[in-house]
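Engineer: Sharing a structure, written as structure tokens. Questions coming.
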């Protein structure tokens, strides 16, 4: 493969394969980064994965990597492999909006902790990806700027809130991307686009510089085409940070070794639990079928599979839609038009009037809806009945996980109830229709435990289906071990799913032939 | 614990909008009210299992006394802190009047 590399094909490789070519000096980071930028400029108008593309920033880092490599300097193994960052993460000198009009034009004066780490490892930053405004949504239709299309079928949604990052990965508009997951915003888009997405243990990746949505649930994590690529990226993103008071200290380099070990496809001695409450009713037939056949593969590799009960999971959606809006209403109070961001006003208005008009103009419909709901849940007379009860449900869900993990090493379920739906299909008068997309992804956010989504196949409509693995806190390596084994088995059986996508292939081939 | 059943009225939503400092048109308030009533049915369910013997979880992993070292770190310079201000004057944020005449 390495002997006849064409730069147009470079973007179809995995990050790990690209890193090998870079380290062997068969390809330069400038070539690789340039290939992605070309592809973005040629194809992203169909996908809308990016809100901002940063050619200069990316090429500057790429050149630096090439120069250092030429000098024989020691570099991070992934140095020179480009990356896209969800627009909820602040980037010094690069516009950051969280896809909200209230932050249009905002140039942050500092870097998020993970951006500093990405810069230290010298990964060229391609740009900022689209999302639902403030990561509130499940389809990327609530972006304040544009709707991201699913590259498998441009009439469909890529999931959300991290639809931009997931779509960029599967369309080969970035080999790696950062997402954020509050109730499934990394995993559900991964499921709907046939990519891999991981929500690490809460506290595993620093939230310093991630614009807060619901602080007790938010977690940043990796997106890529393969389990191994996400493992390498978690190795860069993860680790203790004194600037995040919820930061945990555990080893993230073991994720990649777990993923490599998983490729041996030996799951003897591994106990897996199917969550009864997250299967069957409410999940589409093709989703359930794909899940069931993946379970068979896991058994063939030696895993012991049983069904476990997590009765309180039935209350997780209700608890989430109290806790999350409550924290949203508090966190988003900072956008008041006083110090940065939009100020919509005439000069003679009071500060209060200015705030009311600024927030009316700057926030989108769904964000306002959740702020109002959260304001209600936190208001006097309702606090105990709503917020207090939801916190108790959180305890019950944690207990379910604890009990389950006494019996099994990891839990499994489908990631999303259906494959990707049509753009506009769930933007109805009943917001709960949209909320139900997150039914299987929410429980781990409430418990703080880690989870991964990886593709298990295609549905009746030819759209990808996601398979979810959940592990105990700080045991993220189990996700990578089991996920990598399943990915390898599926790949040997059916071929790599991400290679089946038709989007963008023609354009690349045409260019290849022209050469 | 007393159960709270919420039926959102337009009047109530208007009050919440005041607390949240968001201006809404009459039509927006009507729409929001009916949407909130739909959501309300879905979330009232939490009260079914939140018994008195269950303690609350505020945080996934309880951490205690998280302090950093009392050392001087990097801070923003005044110029960068003010760079995104909608209005500024004499090195300070310029904001609209806080108190109205009436």
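Protein chains in written order, with the numbering used here: chain E, 773 to 1287; chain A, 812 to 913. The beta-carbon is built from N, C-alpha and C at its ideal position, and this holds for glycine as well.
1. Report the rounded CA-to-CA distance for residue 891/A versus residue 869/E, giving the unit in angstroms.
2. For residue 742/E, go through chain A and note every residue whose CB falls closer than 9 Å to its CB, in chain order.
3. Can you give me the start and stop residues for the beta strand (DSSP E) that residue 767/E sits inside?
4. Step through the CB atoms of chain E and report whether any lies within less than 8 Å of the CB of residue 834/A.
5. Quick check on residue 909/A: buried or exposed, where buried means 16 or more other Cβ atoms within 10 Å of its Cβ?
6. So, with DSSP's three-state summary, where would you put residue 1256/E?
7. What residues in its chain sit with their C-beta under 6 Å from that of residue 843/A, if we drop five residues either side in the sequence?
8. Mind checking whether residue 1024/E and residue 1034/E have CB atoms under 8 Å apart?
9. Runs of 4 residues minimum, wholly inside the stretch 944 to 1011 of chain E: which ones carry the alpha helix (DSSP H) assignment?
10. So residue 954/E packs on residue 884/E, CB below 8 Å; how close in whole Å?
11. Mind checking the stretch 1112 to 1136 of chain E against chain A and listing, in chain order, the residues whose C-beta falls within less than 8 Å of any C-beta there?
12. Could you tell me the boundaries of the alpha helix (DSSP H) in which residue 1240/E lies?
13. Kindly give me the distance between the Cβ atoms of residue 929/E and residue 1195/E, rounded to whole angstroms, as I take these residues to be in contact under 8 Å.
14. Given a cut-off of 8 Å, decide if residue 996/E and residue 1005/E are closer than it, judged by their beta-carbon atoms.
15. Span of the beta strand (DSSP E) holding residue 1356/E?
16. Taking 8 Å as the threshold (beta carbon to beta carbon), is residue 907/E in contact with chain A?
17. If I follow the unbroken alpha helix (DSSP H) through residue 1200/E, where does it start and stop?
18. Using a cut-off of 8 Å between C-beta atoms, extract the partners of residue 1203/E located in chain A.
19. Residue 825/A CB to nearest chain E CB: under 8 Å?
20. How should residue 1140/E be labelled, buried or exposed, when 16 other C-beta atoms within 10 angstroms of its C-beta is the threshold for buried?
21. Who are residue 1112/E's beta bridge partners in DSSP?
22. Go through its chain and collect everything with a Cβ distance to residue 957/E's Cβ below 7 Å, but skip five positions before and after it.
23. Since I believe residue 1209/E is in contact with residue 1188/E (beta carbons under 8 Å), could you give me their beta-carbon distance rounded to a whole number of angstroms?
24. Could you tell me whether any Cβ in chain E is nearer than 8 Å to the Cβ of residue 904/A?
25. Go through its chain and collect everything with a Cβ distance to residue 1108/E's Cβ below 6 Å, but skip five positions before and after it.
26. Between residue 983/E and chain A, is any beta-carbon pair separated by less than 8 Å?
27. Please give me, in chain order, every unbroken run of the alpha helix (DSSP H) with length at least 4 that falls completely inside the stretch 1088 to 1112 of chain E.
28. Out of 856/E, 821/E, 1156/E, 1219/E, which one is the CA nearest neighbour of residue 919/E?
29. Look at the alpha carbon of residue 804/E and the alpha carbon of residue 948/E, and state the distance between them as a whole number of angstroms.
30. If contacts are defined as beta-carbon pairs under 8 Å, then residue 1045/E and residue 1079/E qualify, I think. What distance do you get, rounded to the angstrom?
31. Got a sec: which bits of the stretch 1158 to 1174 of chain E sit with their beta carbon under 8 Å from any beta carbon on chain A, in order along the chain?
32. When DSSP labels each residue in this structure, what does residue 856/E get in the three-state scheme?
33. Residues of chain A with a CB under 9 Å from the CB of residue 1140/E: which are they?
34. What are the residues that DSSP puts in a beta bridge with residue 1293/E?
35. Within 8 Å of any Cβ in chain A, is that where the Cβ of residue 1147/E sits?
36. Determine which residues share a DSSP beta bridge with residue 1080/E and list them.
Structural biologist: Put simply:
1. Approximately 17 Å, taken between the alpha carbons.
2. What is shown of chain E runs 773 to 1287, which leaves residue 742/E out entirely.
3. With chain E covering only 773 through 1287, there is no way to say anything about residue 767/E.
4. yes
5. exposed
6. helix
7. These residues qualify, in order along the chain: 824.
8. no
9. 959 to 965, 999 to 1009, all fully within the stretch 944 to 1011 of chain E.
10. Not really, about 16 Å apart at Cβ, beyond 8 Å.
11. 1112, 1113, 1114, 1115, 1117, 1119, 1121, 1122, 1123, 1124, 1125, 1126, 1127, 1128, 1129, 1131, 1132, 1135
12. Looking at the DSSP string, residue 1240/E is not in any alpha helix (DSSP H); the run it does join, the beta strand (DSSP E), is 1236 to 1242.
13. Residue 929/E to residue 1195/E, Cβ: 6 Å. Contact.
14. yes
15. Past the boundaries of the shown model lies residue 1356/E; chain E is included only from 773 to 1287, so the question cannot be answered.
16. no
17. Taken as a continuous stretch (DSSP letters only), residue 1200/E belongs to no alpha helix (DSSP H), as it is neither H nor E.
18. Within chain A, the residues near residue 1203/E are 846, 849, 850.
19. For residue 825/A, the closest Cβ of chain E is not nearer than 8 Å.
20. buried
21. None; residue 1112/E has no bridge partner.
22. 907, 932, 933, 934, 951
23. 6 Å
24. Chain E contact via Cβ: present.
25. 1127
26. no
27. 1088 to 1103
28. 821/E
29. 13 Å
30. 7 Å
31. 1158, 1160, 1161, 1162, 1163, 1164, 1165, 1166, 1167, 1168, 1170
32. Strand at residue 856/E.
33. 828, 831, 833, 835, 839, 843
34. Residue numbering for chain E in the displayed model covers 773 to 1287; residue 1293/E lies beyond these limits and cannot be assessed.
35. yes
36. Residue pairing for residue 1080/E: DSSP places it in a beta bridge opposite 1047/E.
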